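Residue numbers (the UniProt record's numbering): 1 to 741.
Given below as structure tokens:
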């Protein structure tokens, strides 16, 4: 028997269905499903894991954060423990009956490591398997890709797995050592601990440094002049000088404008906008962020779509489609996809398909592309958005360039030069199928040199220069990639960790005072972990491990040496480090002034229940308290409620953030509760109406079917007419797979 080990249960089932030369027999080892079938005349059993089956951890004697010296973790032994006992038992049990093993996990560092972990369990149960192990590598869970992969089995890459294991070990050593040190220095234990990591920390520093630039920014005043013009059609022009740095010069130019303007020049310039390049992981996650889906969520959704066979493997650096990819075959799968059928048909009629190419070309996986048809009914709303994004991007990469026409008009009024302009799309090309971020056309009226137009209004604007913008999640992903921070697989979870630890909030990312303080303390006393150089060098070393040029142990040992230096620097400045961090923690806890005495209201926790509340810092002289929401991150807004005068906060948690004052007796609170109740009632009524409509439609369908059946074969006293059962579309309602990175 051949044992086929996949990364997830649904992948194992699909592989069995694709390869089976007859029926597939489903079974279970306790609660773990497996699938038995015949392939190439041999019995095969396909079983799925749940990601990593082994986890690196320290021995039990190192578990006490307060008693164990953090520095002892640097050289402590790292052991592997079973993280999924049921899955491990199933692998061992099936391995005892196997003659050979085929690893069919995802083809990347983590996937190879997961496969090697599973092999260690298989070898424990059946050492004879060591001489009969093969690897199936594929980039899409489709019948064609899986069949090809199993026809071209290769060896497991121990080097690639070692690179993944090196990352695991280094992240554990650095994260555990420094997180415990910071927790001890600041006396923050339990759920309030402050985490530090070799990728997380330099990313936090990036965000915090941008915030410091914004706070240090001194705005400079400038002035702009606009004129509203009319020539049958209204349009707007601005002064050709653009920004005036001197107010007097701006006022003088503004006063010179008259009631008419004369056209001095009209220029038209055609331009071509090339179609976008294929999606690699960073490009995809950035595009998803631009439509409101966070990188961590987009990564989970893409993983779901991949394992369901709708898109190709979503973790790739490649931006060049391989020559082996049958474009017309892929297009054939997409003809029925809602809203894009006409674009697919147009492409299929093309004599030659010429996809765009990016600069990055790799041989492990192709760019992300759709691998199968999905209906809107079969997917959740967020899954459908991601599927549509991938489908439309693929079609755009095969489409013709878009063409635009830019019209620039120069005018003169009262001796002052004005300029107006607009751009319109003359040939949609790829924009017809990929409208994300498309700007509306700016139509300009037909004008000619020497023509006079009316000036219907003028405005002098006083403005200020703006500080550099904060990083949005999409932009931050690209910066992390450029600096070598993390990998395509880990960057989304790194950003999510910053939110989860309360270091940042909102998007674009705003660092909390605690986040700013941790970043500053690391910069001051552990600069090695505050910059990207060290961690990007380690990432390069891991690539060298996967290529077999250096050993895993040498890279891990070198990282331990660097960590010792960092630790020594921190130890010599523990008090100063803690002072900086606590200044940020205290600032984040201040909600605003107490209405009763004017002192600060701060976030506190009850000793017995652990529940948080707002208490006055003037206690015991002032005993004013307020209840606070039990869940979600609380962000002070620095504003007061106009109804009751209490501080206002933003609560981040659940589906969307919400703003409230802290006084539950405020009239606005009652209004909010009533509005929420009304919204809930409306939603329930809508759901009931929809269910009733569907039931009525189903009954009508059944009546019609029965009527037809009656006409075809009239009922007699001995035979009753049966209604045909109403068919229901399958709706996927499972939870998204949790990321293991």
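Ideal Cβ positions, reconstructed from N, Cα and C, are used throughout, including at glycine.
Small disclaimer: the values here were computed from a predicted structure and weren't measured.
>> Three or more C-beta pairs under 8 Å: does that hold for the stretch 259–278 against the stretch 442–456?
In response: Between the stretch 259–278 and the stretch 442–456, the count of Cβ pairs shorter than 8 Å is three or higher; the stretches touch.
> Taking the alpha-carbon positions, what's the residue 119 to residue 632 distance?
Replying inline: Taking the chain shown and counting its residues from 1, one reaches residue 119 at position 119. Taking the chain shown and counting its residues from 1, one reaches residue 632 at position 632. Their backbone Cα atoms lie some 41 Å apart in a straight line.
>> Quick check: what's the CA-CA separation for residue 408 versus residue 277?
In response: To locate residue 408, count along the chain shown from 1; it is residue 408. To locate residue 277, count along the chain shown from 1; it is residue 277. Each residue's alpha carbon lies about 30 Å from the other.
>> Suppose contacts are defined by Cβ-Cβ distances below 7 Å. Is residue 312 in contact with residue 140 by that definition?
In response: As a first step, residue 312 must be located in the chain shown, where it is residue number 312. As a first step, residue 140 must be located in the chain shown, where it is residue number 140. Yes, these two residues count as a Cβ contact at 7 Å.
>> Less than 7 Å between the C-beta atoms of residue 220 and residue 238, yes or no?
In response: As a working mapping, residue 220 is identified with position 220 in the chain shown. As a working mapping, residue 238 is identified with position 238 in the chain shown. Contact annotation: residue 220 and residue 238 have beta-carbon atoms that are not nearer than 7 Å.
> Where does residue 643 land, buried or exposed, given buried means 16+ other C-beta within 10 angstroms?
Replying inline: As a working mapping, residue 643 is identified with position 643 in the chain shown. Per the 10 Å Cβ criterion, exposed.
> If you compare alpha carbons, which of 99, 146, 114, 205 is closest to residue 162?
Replying inline: The count along the chain shown starts at 1 and reaches residue 162 at position 162. For residue 162, the nearest C-alpha among the options comes from 114.
> At which residues does the beta strand (DSSP E) containing residue 600 begin and terminate?
Replying inline: One-based indexing of the chain shown puts residue 600 at position 600. Its beta strand (DSSP E) spans residues 600–605.
>> Among 187, 31, 45, whose alpha-carbon lies nearest the alpha-carbon of residue 581?
In response: By one-based count along the chain shown, residue 581 stands at place 581. If we check each option's Cα against that of residue 581, 187 comes out closest.
> Among residues of its own chain, excluding the 5 on either side of residue 711, which ones have a beta-carbon nearer than 8 Å to its beta-carbon?
Replying inline: The residue given as residue 711 occupies position 711 in the chain shown. Confidence at residue 711 is low in this model, with a pLDDT of 43, below 50, so the placement of that residue should be treated as unreliable; the coordinate-derived value is given next. Nothing listed; no residue qualifies.
> Using CA coordinates, which residue listed in 176, 235, 367, 255 is at the minimum distance from residue 279?
Replying inline: Mapped onto the chain shown, residue 279 falls at position 279. For the residues 176, 235, 367, 255, the minimum Cα distance to residue 279 belongs to 367.
> Between which two residues does the beta strand (DSSP E) harbouring residue 411 extend?
Replying inline: For the purposes of this step, residue 411 is identified with residue 411 of the chain shown, where counting begins at 1. That run of the beta strand (DSSP E) goes 402–413.
>> Which runs of the alpha helix (DSSP H) at least 4 residues long sit entirely within the UniProt domain "Toprim" (1–141)? Give them in chain order.
In response: For the UniProt domain "Toprim" (1–141), whole alpha helix (DSSP H) runs of length 4 or above, ordered along the chain, are 9–19, 85–96, 109–125.
>> Threshold first: 3 residues or longer. Then list the beta strand (DSSP E) segments lying entirely within the stretch 465–529, N to C.
In response: With a minimum length of 3 residues, there is no unbroken run of beta strand (DSSP E) contained wholly in the stretch 465–529.
> What number of angstroms, rounded off, separates the C-alpha of residue 224 from the C-alpha of residue 460?
Replying inline: Residue numbering aside, residue 224 sits at position 224 when the chain shown is read from its first letter. Residue numbering aside, residue 460 sits at position 460 when the chain shown is read from its first letter. Going by the C-alpha atoms only, they are around 6 Å apart.
> From residue 575 to residue 590, what distance separates their C-alpha atoms?
Replying inline: Residue 575 sits at position 575 when you count from the first residue of the chain shown. Residue 590 sits at position 590 when you count from the first residue of the chain shown. Distance between the alpha carbons of residue 575 and residue 590 is about 23 Å.
> If you draw a straight line from the C-alpha of residue 342 to the C-alpha of residue 487, how long is it?
Replying inline: In the chain shown, counting from the first residue as 1, residue 342 sits at position 342. In the chain shown, counting from the first residue as 1, residue 487 sits at position 487. Straight-line spacing of the CA atoms in residue 342 and residue 487 works out to 37 Å.
> Taking buried to mean at least 16 other C-beta atoms within 10 Å of its own C-beta, is residue 316 buried or exposed?
Replying inline: Your numbering for residue 316 matches position 316 in the chain shown. Classification of residue 316: buried, given that the 10 Å Cβ count is 16 or more.
> With contact counted as at least three CB pairs below 8 Å, one residue from each stretch, are the stretch 168–175 and the stretch 492–512 in contact?
Replying inline: Between the stretch 168–175 and the stretch 492–512, the count of Cβ pairs shorter than 8 Å is below three; the stretches do not touch.
>> Are the CB atoms of residue 518 and residue 511 within a distance shorter than 7 Å?
In response: As a position in the chain shown, residue 511 is number 511, starting the count at 1. As a position in the chain shown, residue 518 is number 518, starting the count at 1. If you check the CB distance, residue 511 and residue 518 do not come in under 7 Å.
> Run through DSSP, which three-state label would residue 423 get?
Replying inline: Locating residue 423 in the chain shown gives position 423, counting from the first residue. Note: residue 423 maps to strand in three-state DSSP.
> Does the Cβ of residue 7 have 16 or more other Cβ atoms within 10 Å, making it buried, or fewer, making it exposed?
Replying inline: Translated into the one-based positions of the chain shown, residue 7 becomes position 7. Buried, by the Cβ-count rule.
>> What does the alpha-carbon distance come out to for the pair residue 218 and residue 469?
In response: Your numbering for residue 218 matches position 218 in the chain shown. Your numbering for residue 469 matches position 469 in the chain shown. The alpha-carbon atoms of residue 218 and residue 469 are separated by roughly 14 Å.
> The alpha helix (DSSP H) with residue 165 in it runs from where to where?
Replying inline: Counted from its first residue, the chain shown places residue 165 at position 165. Taken as a continuous stretch (DSSP letters only), the alpha helix (DSSP H) holding residue 165 covers 158–186.
>> Quick check: the Cα distance between residue 620 and residue 491, rounded to an integer number of angstroms?
In response: By one-based count along the chain shown, residue 620 stands at place 620. By one-based count along the chain shown, residue 491 stands at place 491. Rounded to whole angstroms, residue 620 to residue 491 spans 47 Å at the Cα level.
> How many angstroms separate the CA atom of residue 689 from the CA atom of residue 680?
Replying inline: Against the chain shown, residue 689 aligns to sequence position 689. Against the chain shown, residue 680 aligns to sequence position 680. If you take the alpha carbons of residue 689 and residue 680, they lie about 14 Å apart.
> What is the DSSP secondary structure of residue 348, counted as helix, strand or coil?
Replying inline: The count along the chain shown starts at 1 and reaches residue 348 at position 348. In the three-state reduction of the DSSP assignment, residue 348 falls in the helix class.
> Excluding the five sequence neighbours on either side, which residues of its own chain have a C-beta within less than 8 Å of the C-beta of residue 213, listed in chain order?
Replying inline: In the chain shown, the residue the question calls residue 213 occupies position 213. Cβ neighbours of residue 213 beyond the five flanking positions: 467, 468.
>> Taking its Cβ as the centre, do 16 or more other Cβ atoms sit within 10 Å of residue 202, making it buried, or is it exposed?
In response: As a position in the chain shown, residue 202 is number 202, starting the count at 1. So residue 202 counts as buried.
>> Can you list, in chain order, the residues of its chain with a C-beta nearer than 8 Å to that of residue 432? Leave out the 5 residues immediately preceding and following it.
In response: What you label residue 432 is simply residue 432 of the chain shown in a count that begins at 1. Within the same chain, and ignoring the five residues on either side of residue 432 in sequence, the residues whose Cβ sits closer than 8 Å to its Cβ are 343, 399.
> Any chance the stretch 609–619 sits against the stretch 591–598, with 3 or more Cβ pairs inside 8 Å?
Replying inline: Counting Cβ pairs under 8 Å, three or more are found: they touch.
>> So for residue 303, helix, strand or coil by DSSP?
In response: Counted from its first residue, the chain shown places residue 303 at position 303. If DSSP states are grouped into helix, strand and coil, residue 303 belongs with the helices.
> From residue 592 to residue 646, what distance separates their C-alpha atoms?
Replying inline: Here residue 592 is taken as the residue at index 592 of the chain shown, counted from 1. Here residue 646 is taken as the residue at index 646 of the chain shown, counted from 1. Taking the straight line from one Cα to the other gives about 8 Å.
> For residue 101, which residues from the same chain have a beta carbon less than 6 Å from its beta carbon, with the 5 sequence-adjacent residues on both sides left out?
Replying inline: As a working note, residue 101 is residue 101 in the chain shown. By the criterion of a C-beta distance shorter than 6 Å, residue 101 is surrounded in its chain by 3, 122, 129, 133, once the five residues flanking it on both sides are discounted.
> How would you write the range of the beta strand (DSSP E) that residue 259 sits in, first residue to last?
Replying inline: As a working mapping, residue 259 is identified with position 259 in the chain shown. Premise fails: residue 259 is in no beta strand (DSSP E) and is neither H nor E.
> Can you tell me where the beta strand (DSSP E) with residue 199 in it begins and where it stops?
Replying inline: In the chain shown, the residue the question calls residue 199 occupies position 199. For residue 199, no beta strand (DSSP E) run applies, since DSSP gives it neither H nor E.
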